[in-house]
Amino acid sequence: MNSESFLQYRDGQLYMESISLNSIAEQVETPFYCYSAAAIKARIGDCKSAFESIGATIHYAVKANSNLAVLRLMAEAGLGADIVSEGELARALKAGIPPQDIIFSGVGKRTSELLAALDAGIFQFNLESIPELERLADLCESRGRTANVSIRINPEVDAATHRHITTAVRGSKFGIPFSQLELALERIVRSDSLRLHGLAVHLGSQIVTLEPYEKACRRLREWVIELRDKGYPITHLDLGGGFGIDYGDGRCLAYGAVAAVIDRELRNLGVAIAVEPGRSLVATAGVLVSEVVYRKEVEPVPFLILDAGMNDLLRPALYQASHQLLTLKQSDEAREICNVVGPICESSDSFLQQASLPRVNSGERVALLQAGAYGAVMASGYNSRDVIPEVMITGDQYGLIRRRISHRDLMEYENFA
Ligand code: LLP
């Protein structure tokens with residue numbers, strides 16, 4: 010099954026794999042996230058065949074969807090992990106991803122997090138500042154451990170994505186600026202406890218053209234040659250993630266195309282290559298199922314007010330992202346222009362503006378597509394709403410992979426004598 014065909018209308022109902030989403034909604038109250046295991050596995054398969062054929066290792070960026078059931082699919086497929094916190098480390102290990110396949114990224118790793126990762130014996134730390142490098146070296150010495158390290162370098166490549174998910178431009182908080190690179194490398198090679206691996210970059214997220222990867226690879230190639238000439242033994246390059254998926258406008262990046270660029274630009278350099286895809290492995294495999302609480306007839310266009318809000322799926326409010334919408338019951342109603350919004354008291358709580366959809370009435374259910382990445386992980390209990398459940402479908406079975414965290418559960422954490 011390819012990742013597009015896992016979602017289909019059958020007998021007038023929207024099915025994910027072999028289950029109608031309406032039949033799940035009868036059991037699991039909306040809103041909820043629903044993922045197809047087969048679709049995730051299909052993406053993993055595509056990713057592996059593209060990158061493993063050029064000898065690269067794949068480290069799933071856990072932040073995209075850190076549910077243990079999702080991580081287990083990654084572990085079973087032999088993928089490593091890219092983590093950014095102690096919590097992600099704990100999840101990756103629990104799901105069965107071996108520590109020797111884990112890379113620790115992130116701009117502000119705390120002492121306790123560095124120690125947890127050192128004790129776990131992870132594969133590599135991607136360092137983002139000189140003070141962080143010093144901190145890790147001290148911790149290694151006090152623990153009598155050594156750590157493999159790469160420097161995350163800011164390659165100053167503009168990936169032309171949304172400004173909130175752009176990372177590799179000048180002045181960004183990410184990575185060590187080129188001007189400090191040799192200082193950092195010198196410090197590493199002089200250290201008894203840090204072992205130099207190489208360089209890491211991450212160009213941004215939802216990148217839909219190859220040019221940023223081409224530019225970054227060319228820069229990295231020059232730097233590797235230059236740095237080796239200066240005596241720094243660069244053995245590893247981590248190219249990050251960022252591979253864009255199709256949110257409905259047809260623009261996305263195929264794994265094979267990226268792998269071909271990497272292979273062409275970095276071949277014969279004698280470095281081990283790692284990639285850290287997150288979104289592209291899970292986004293299209295997930296939907297957010299929601300019910301229309303009210304259809305509100307106003308001028309100039311009606312509102313469909315969903316029971317899902319920005320606390321459940323933050324991407325539209327935060328990045329002006331747009332997710333496609335399908336009705337769970339196939340509709341032959343005439344199309345109309347409408348606004349699809351959430352119930353939260355903020356005007357940014359809006360999913361689609363001026364969308365062309367078949368007429369939808371109160372009480373009908375819809376699915377917001379491409380919600381498998383950066384959906385559930387960014388959810389909150391804002392407005393004292395529940396943190397919504399996650400469901401995974403495997404063939405004709407579905408399972409609740411995270412139960413609803415109700416507003417009552419959330420109150421339990423407060424001290425109120
Ligand atoms: N590696 C590093 C160091 C990263 O910072 C990220 C994502 C990735 C890998 C994975 O990138 P991906 O393949 O998923 O594009 N919440 C935003 C996306 C933030 C991405 C942050 N870093 C969104 O919903 O669009």
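In terms of my numbering, the sequence shown is numbered consecutively and its last residue is 426.
Heads up, the beta-carbon is just placed ideally off N, CA and C, and yes, glycines get one too.
Here the stretch 68-81 makes no contact with the stretch 313-325; the two share fewer than three CB pairs at distances below 8 Å.
Minimum Cα-Cα distance from Gly-89 among the listed residues Ala-101, Glu-26 and Phe-252 corresponds to Ala-101.
Within the same chain, and ignoring the five residues on either side of Asp-91 in sequence, the residues whose Cβ sits closer than 6 Å to its Cβ are His-68, Ala-70, Ile-112, Ser-114 and Glu-285. If you draw a 10 Å sphere on the C-beta of Phe-41, you find 16 or more other C-beta atoms in it, and that means buried. Its Cα nearest to that of Ser-331, the residue Gln-363 stands out among Glu-300, Gln-363 and Val-310.
In this structure the stretch 333-340 does not lie against the stretch 394-406, because fewer than three pairs of beta carbons, one per stretch, are closer than 8 Å. DSSP places Thr-336 in the strand class (E or B) of the three-state scheme. Annotation: Gln-406 to Gly-54 spans about 22 Å, alpha carbon to alpha carbon. One thing to note: Gly-117 has its Cβ no nearer than 8 Å to the Cβ of Ala-168.
Within 7 Å of the C-beta of Gly-249 there is at least one heavy atom belonging to ligand 1. When DSSP states are grouped into helix, strand and coil, Glu-399 belongs to the strand group. Distance from the CA atom of Pro-221 to the CA atom of Leu-190, rounded to whole angstroms, is 21 Å. Inside the stretch 235-316, DSSP marks whole beta strand (DSSP E) runs of 3 or more residues at positions 245-247, 281-284, 295-305 and 312-315, from first to last along the chain. Two segments are said to touch when three or more pairs of C-beta atoms, one from each, lie closer than 8 Å; by this definition the stretch 349-364 touches the stretch 309-319. When DSSP states are grouped into helix, strand and coil, Tyr-44 belongs to the strand group.
The beta-carbon distance between Ile-243 and Gly-184, rounded to whole angstroms, is 16 Å. This is too long to meet the 8 Å contact definition. In the three-state scheme derived from DSSP, where H, G and I count as helix and E and B as strand, Asn-76 is classed as coil. Annotation for Ser-45: Phe-15, Met-25, Glu-26, Ala-294 and Ile-402 place their beta carbon closer than 6 Å to its own, counting only its chain and skipping 5 residues before and after.
Taken in chain order, the complete beta strand (DSSP E) segments of 3 residues or longer contained in the stretch 139-165 are 156-161.
Restricting attention to Ile-162, Gly-259 and Ser-151, the CA atom closest to the CA of Leu-192 is found in Ile-162.
Counting along the chain, Met-319 sits inside no beta strand (DSSP E), nor does DSSP assign it H or E at all. Relative to ligand 1, even the nearest heavy atom lies 7 Å or more away from the CB of Ser-159. A residue is called buried when at least 16 other Cβ atoms come within 10 angstroms of its Cβ; Met-83 meets this threshold and is buried. Per DSSP, Ser-365 lies in no alpha helix (DSSP H) segment; the continuous beta strand (DSSP E) that holds it begins and ends at 359-367. In the structure shown, the three-state DSSP call for Ser-188 is helix. With a cutoff of 8 Å on beta-carbon distance, Glu-95 and Ser-62 are scored as not near each other.
Under DSSP, Glu-345 forms a beta bridge with Leu-366. With fewer than 16 other CB atoms across the displayed protein chains lying within 10 angstroms of its CB, Gly-180 is exposed.
Judged by the Cβ position, Ala-70 qualifies as a neighbour of ligand 1 at the 7 Å threshold, a heavy atom of the ligand being closer than this.
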